[in-house]
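Asker:
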Amino acid sequence: MSKATDAAETDPQGERAVLRTDGVTKRFGGLTAVDDVDVEVQNGEIVGLIGPNGAGKSTLFNCITGTLNADEGRVYLQGQDVTDWPEYKIARAGLGRMFQETRIFGDMTVRKNLLLAAQEGGASVGNLLRRPDDSLLARTEELLDYVDLGGLADTRAGRLSFGQQKLIEFAMELMAEPDLLLMDEPAGGINPAMLENLIQYIRTANEDEEATIFLIEHNMDFVMEIADRIYVLAHGERIAEGTPEEIQNDQRVLDAYLGRE
Amino acid sequence: MSAESESNSGLLRSLVPPDQVDRLFGVCGAHGWKLLAASAVVGALPPLLGLQQGYYMTVISEMFLFAILALSWDIVGGQTGYPSFGNMAFFGIGAYTTAILIKDFAISFPVAMVVAGLVAVAFAAVIGAVVLRLRGHYFAIATLGVLLAAQQISRNLDITGGASGKILLEVPSGTVFYYLFLGVLVVEMGVVYYLSNTRFGFILNAIRDDEEKATAMGFNTTYYKTAAWMLASLFTGVAGGAYSLFNTFIDPQTAYNGAWNVELIAMALLGGSGTVAGPVIGAFGLHTVIEVVETAFVGWQLVLLGIVVIVTVIGFPEGAVGTLREYASEMEYYKRGGMAATDSGEEVSADE
Ligand SMILES: Nc1ncnc2c1ncn2[C@@H]1O[C@H](COP(=O)(O)OP(=O)(O)OP(=O)(O)O)[C@@H](O)[C@H]1O
Ligand SMILES: [Mg+2]
Numbered sequence: 001m002s003k004a005t006d007a008a009e010t011d012p013q014g015e016r017a018v019l020r021t022d023g024v025t026k027r028f029g030g031l032t033a034v035d036d037v038d039v040e041v042q043n044g045e046i047v048g049l050i051g052p053n054g055a056g057k058s059t060l061f062n063c064i065t066g067t068l069n070a071d072e073g074r075v076y077l078q079g080q081d082v083t084d085w086p087e088y089k090i091a092r093a094g095l096g097r098m099f100q101e102t103r104i105f106g107d108m109t110v111r112k113n114l115l116l117a118a119q120e121g122g123a124s125v126g127n128l129l130r131r132p133d134d135s136l137l138a139r140t141e142e143l144l145d146y147v148d149l150g151g152l153a154d155t156r157a158g159r160l161s162f163g164q165q166k167l168i169e170f171a172m173e174l175m176a177e178p179d180l181l182l183m184d185e186p187a188g189g190i191n192p193a194m195l196e197n198l199i200q201y202i203r204t205a206n207e208d209e210e211a212t213i214f215l216i217e218h219n220m221d222f223v224m225e226i227a228d229r230i231y232v233l234a235h236g237e238r239i240a241e242g243t244p245e246e247i248q249n250d251q252r253v254l255d256a257y258l259g260r261e
Numbered sequence: 001m002s003a004e005s006e007s008n009s010g011l012l013r014s015l016v017p018p019d020q021v022d023r024l025f026g027v028c029g030a031h032g033w034k035l036l037a038a039s040a041v042v043g044a045l046p047p048l049l050g051l052q053q054g055y056y057m058t059v060i061s062e063m064f065l066f067a068i069l070a071l072s073w074d075i076v077g078g079q080t081g082y083p084s085f086g087n088m089a090f091f092g093i094g095a096y097t098t099a100i101l102i103k104d105f106a107i108s109f110p111v112a113m114v115v116a117g118l119v120a121v122a123f124a125a126v127i128g129a130v131v132l133r134l135r136g137h138y139f140a141i142a143t144l145g146v147l148l149a150a151q152q153i154s155r156n157l158d159i160t161g162g163a164s165g166k167i168l169l170e171v172p173s174g175t176v177f178y179y180l181f182l183g184v185l186v187v188e189m190g191v192v193y194y195l196s197n198t199r200f201g202f203i204l205n206a207i208r209d210d211e212e213k214a215t216a217m218g219f220n221t222t223y224y225k226t227a228a229w230m231l232a233s234l235f236t237g238v239a240g241g242a243y244s245l246f247n248t249f250i251d252p253q254t255a256y257n258g259a260w261n262v263e264l265i266a267m268a269l270l271g272g273s274g275t276v277a278g279p280v281i282g283a284f285g286l287h288t289v290i291e292v293v294e295t296a297f298v299g300w301q302l303v304l305l306g307i308v309v310i311v312t313v314i315g316f317p318e319g320a321v322g323t324l325r326e327y328a329s330e331m332e333y334y335k336r337g338g339m340a341a342t343d344s345g346e347e348v349s350a351d352e
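Going line by line, the protein sequences match chains S and W. So in UniProt numbering the end of the first sequence lands on 261, straight run, no missing numbers. So in UniProt numbering the end of the second sequence lands on 352, straight run, no missing numbers.
1. By DSSP's criteria, K26 of chain S is part of a beta bridge. Which residues make up the other side?
2. With 8 angstroms set as the bound, which would you pick, yes or no: does the beta-carbon of I203 of chain W sit closer than that to a beta-carbon of chain S?
3. With a threshold of 16 other CB atoms inside 10 Å of the CB of residue 357 of chain W, please say whether the residue is buried or exposed.
4. With distances taken from CA atoms, which of S:A117, S:D228, S:G236 and S:L149 is nearest T243 of chain S?
5. Could you tell me which of S:I216, S:Y231 and S:I202 sits nearest to E101 of chain S, measuring between CA atoms?
6. Using 7 angstroms as the cut-off, classify the Cβ of G30 of chain S as near or not near the heavy atoms of ligand 1, replying yes or no.
7. Under three-state DSSP, which class holds D255 of chain S?
8. Could you spell out where the beta strand (DSSP E) holding G48 of chain S opens and where it closes?
9. So what does DSSP say about V125 of chain S, is it helix, strand or coil?
10. Could you give the C-beta distance for M172 of chain S and A211 of chain S, rounded to a whole number, given that I count them as a contact under 8 angstroms?
11. From A227 of chain W to S14 of chain W, what distance separates their C-alpha atoms?
12. Cβ atoms of M63 of chain W and Y178 of chain W: under 8 angstroms apart, would you say?
13. Does any C-beta atom of chain S lie closer than 8 angstroms to the C-beta of N8 of chain W?
14. I'd like to confirm something about I250 of chain W: is its beta-carbon nearer than 7 angstroms to some heavy atom of ligand 2, or not?
15. Below 7 angstroms between beta carbons is the criterion; list the residues of the stretch 210-241 of chain W that meet it against any residue of chain S, in chain order.
16. So, is the C-beta of F316 of chain W closer than 8 angstroms to a C-beta in chain S?
17. Under 7 angstroms: does the beta carbon of D184 of chain S sit that close to some heavy atom of ligand 2?
18. Would you list, in sequence order, the uninterrupted beta strand (DSSP E) runs of no fewer than 3 residues that lie entirely inside the stretch 75-157 of chain S?
19. Does T10 of chain S come within less than 8 angstroms of chain W when only Cβ atoms are used?
20. Counting only runs that start and end within the stretch 192-256 of chain S, where is the beta strand (DSSP E) found for 3 or more residues in a row?
21. Looking only at C-alpha atoms, which of S:D107, S:T32 and S:A17 sits nearest to R238 of chain S?
22. Can you confirm whether the stretch 150-169 of chain W touches the stretch 95-106 of chain W when touching is taken to mean that 3 or more C-beta pairs between the two stretches lie within less than 8 angstroms?
23. Interface residues of chain W around D107 of chain S at Cβ under 8 angstroms?
24. Taking the straight line between their C-alpha atoms, what separation do you get for K213 of chain W and G32 of chain W?
25. Would A240 of chain S pass as an interface residue toward chain W - the criterion being a Cβ-Cβ separation below 8 angstroms?
26. Which value, in whole angstroms, describes the spacing of the CA atoms of A341 of chain W and G73 of chain S?
27. Note down the Cα distance separating D22 of chain W from T109 of chain S, rounded to an integer number of angstroms.
28. Tell me whether R156 of chain S is buried or exposed, calling it buried when 16 or more other Cβ atoms sit within 10 Å of its Cβ.
29. Quick one: what's M175 of chain S bridged to in DSSP?
30. So D184 of chain S is in the alpha helix (DSSP H); what residue range does that whole segment cover?
Set out below in structure tokens:
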């Protein structure tokens, strides 16, 4: 699998972390939104990323996905240096992303949203000009039933409620089966009942499908419950890393959240 | 079932129940190819049943022509979300290509028409690399710029006949053009219909709905946009290639007609952009209306066009087909989704 032929293209540390960032820095004019940040996510982990508003969490995600180009530092995906790759290529290499504001294709039916997410076959002309086959259609129905939205396959996705759209976006990632899934505030703006479901879905995906997940979250109960490890950002800097218990008892973290320097 | 009858109170709803409309869409969806074949046969009948060359045949041929152009516009404008004001540039390039090849190089009409399509595609590939980087208003204005530039170039060149254009005297009969435009239209409808159910078609729609999300999902959107743009230029270029002979005359004003560009956008929007039938229905409807108004109230057709566009955009932004589809799916949503949402406690307000 590994293309270790080109030394410059691979992770110098040689490890096979699913994701590793090395000194990633991103500036907007005078503001350093992400400041020399190292993170690492191992296969099968659920890793949390927390920090006050404006800490640079989404910006770090954007640097990982290639939506933004980091000013300094490198990003390695499965040991490959993807820092200078275009965004679509990084995604195709196995990186999935759910957005903070929830984004699905509103004027397409729910079914088409899911079909689109299926990765198999790639961008070959033959695959592009083929109609979705029965196994793919069956998988779509299965996933919709799984997230309790069965029967909505032919509905225009934009008609669904915010929470339902979030579930569709999640189902799309289950369809795509990325090596690593970045989730930006999955619990934001959804009601407690649905949050319970979502936690269950994420757990199941992690345990049964071995999905590796890196998630930003403001809901502390949620992230403490679900994450194996947590990174904390404040003012663009990584100020702590550890298990949920360690983070909860870390003085610097408490200070950052209380606004003390 | 009780919820259904409650919300079915409106007169419109009782006359045309949404589920009946939905069923109609279901039938159309399931028998798309048969419907297309049947339409092709119906379209082919009039000359066989005695429609003579003349005014009516010309008007119907023009309807087919506009349907080709509106559907082509919609591949990029409606399916992919890039509203172009420069599609007539492909048309003009096609028109001049056949005119020049036939008049100056004595190439046969069918060959010239194929070449016209290919030249338009090559032009689209080059131009697309630049304009498809732009979005929204910038894209619209850039494409308009391309149209005006192409028009100006044809005015200044010798080979295009300059401002006075080119006259073509030896042309096939009106019946030939009738079937030619019909044939191209049917093929194009088949292609668009087929593509709209493939992964390629889904990707175009995804680009329209949220290009950044599509990129984040691993699609190289430039590649797909350019492919759609080239496909649109192929049909537009071929149509233009036939038009110069159909019209027996071509000049910069006719070939690169900005008013037509607006007209065909109006047709696609009116009928329902992002669908196969919408732009075609819109073209037939609007061209008929324009033709009637032009005959009855000379000079008022542009005013009418303006009114029609404004009313459509405000009242039925989805167009005829889109509005109907939305109406039809309404019941579906309340029957299944609306209920499901209530069951899972969707309406519970946030606590904390
Ligand atoms: N495109 C941009 N241009 C300029 N400044 C930006 C841009 N994106 C983010 N910023 C700034 O960078 C800082 C970090 O923003 P970011 O969105 O990464 O924070 P966050 O940790 O995700 O916050 P939140 O929890 O509110 O989502 C903020 O001060 C923000 O205003
Ligand atoms: Mg954020």
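No residue lacks a Cβ here, since even glycine has one placed at the ideal position from N, Cα and C. None of the values given here were measured: they were computed from a predicted structure.
Answerer: So, to answer that:
1. Indexing the first sequence from 1 puts residue 26 of chain S at position 26. Its beta-bridge partners are S:V34.
2. Position 203 of the second sequence, counted from the start, is the residue given in the question as residue 203 of chain W. It does: the Cβ of I203 of chain W has a partner Cβ on chain S nearer than 8 angstroms.
3. Examination of residue 357 of chain W is not possible in this model, given that chain W is present from 1 through 352 alone.
4. If you number the first sequence from 1, residue 243 of chain S lands on position 243. Ranking the options by Cα distance to T243 of chain S, first place goes to S:D228.
5. Start at 1 with the first residue of the first sequence, and residue 101 of chain S comes out as number 101. Selected option, being the one with the closest Cα: S:I216.
6. Here residue 30 of chain S refers to the residue found at position 30 of the first sequence. Checking every heavy atom of ligand 1 against the Cβ of G30 of chain S, none is found closer than 7 angstroms.
7. Mapped onto the first sequence, residue 255 of chain S falls at position 255. Of the three classes helix, strand and coil, the one that applies to D255 of chain S here is helix, per DSSP.
8. In the first sequence, the residue the question calls residue 48 of chain S occupies position 48. First-last of the beta strand (DSSP E) with G48 of chain S: I46 to I50.
9. Looking up residue 125 of chain S in the first sequence gives position 125. Helix.
10. Counting from 1 along the first sequence, the entry for residue 172 of chain S is found at position 172. Counting from 1 along the first sequence, the entry for residue 211 of chain S is found at position 211. That pair is no contact at about 13 angstroms.
11. Sequence index remark: in the second sequence, residue 227 of chain W carries index 227 (1-based). Sequence index remark: in the second sequence, residue 14 of chain W carries index 14 (1-based). Looking at the two C-alpha atoms, the distance is approximately 44 angstroms.
12. Counting from 1 along the second sequence, the entry for residue 178 of chain W is found at position 178. Counting from 1 along the second sequence, the entry for residue 63 of chain W is found at position 63. Contact: no.
13. By 1-based counting over the second sequence, the position of residue 8 of chain W is 8. Annotation note: pLDDT 44 at N8 of chain W (below 50); position unreliable, coordinate value reported separately. No, N8 of chain W lies away from the interface with chain S (no Cβ there is under 8 angstroms from its Cβ).
14. Within the second sequence, residue 250 of chain W is the residue found at index 250, counting from 1. For ligand 2, not one heavy atom lies less than 7 angstroms from the Cβ of I250 of chain W.
15. D210, K213, T215, A216, M217, G218, F219 and N220
16. Looking up residue 316 of chain W in the second sequence gives position 316. No, F316 of chain W lies away from the interface with chain S (no Cβ there is under 8 angstroms from its Cβ).
17. By 1-based counting over the first sequence, the position of residue 184 of chain S is 184. Result yes, Cβ under 7 angstroms from ligand 2.
18. 95-98
19. In the first sequence, the residue the question calls residue 10 of chain S occupies position 10. By this cut-off, T10 of chain S is not an interface position.
20. 212-216, 229-234 and 237-242
21. In the first sequence, counting from the first residue as 1, residue 238 of chain S sits at position 238. That would be S:T32, whose Cα lies nearest to the Cα of R238 of chain S.
22. yes
23. Mapped onto the first sequence, residue 107 of chain S falls at position 107. Ordered by position in chain W, the residues that pass the 8 angstroms Cβ test against D107 of chain S are N205, R208, D209 and G274.
24. Taking the second sequence and counting its residues from 1, one reaches residue 213 of chain W at position 213. Taking the second sequence and counting its residues from 1, one reaches residue 32 of chain W at position 32. Going from the Cα of K213 of chain W to the Cα of G32 of chain W covers about 30 angstroms.
25. Looking up residue 240 of chain S in the first sequence gives position 240. Taking Cβ atoms only, chain W never reaches closer than 8 angstroms to A240 of chain S, which makes this a no.
26. Here residue 341 of chain W refers to the residue found at position 341 when the second sequence is read from its first residue. Here residue 73 of chain S refers to the residue found at position 73 when the first sequence is read from its first residue. Note that A341 of chain W has pLDDT 40, beneath the 50 cutoff, so the model's placement of it is unreliable and the number below is only indicative. Rounded to the nearest angstrom, the two C-alpha atoms are 45 angstroms apart.
27. Residue mapping note: residue 22 of chain W aligns to position 22 of the second sequence, counting from 1. Residue mapping note: residue 109 of chain S aligns to position 109 of the first sequence, counting from 1. Cα to Cα, the separation comes out at about 15 angstroms.
28. Here residue 156 of chain S is taken as the residue at index 156 of the first sequence, counted from 1. Buried is the call here.
29. As a first step, residue 175 of chain S is located in the first sequence; it is residue number 175 there, counting from the start. Paired residue(s): none; M175 of chain S is not in a bridge.
30. Numbered from its first residue, the first sequence carries residue 184 of chain S at position 184. Counting along the chain, D184 of chain S falls outside any alpha helix (DSSP H), though it belongs to the beta strand (DSSP E) covering L180 to D184.
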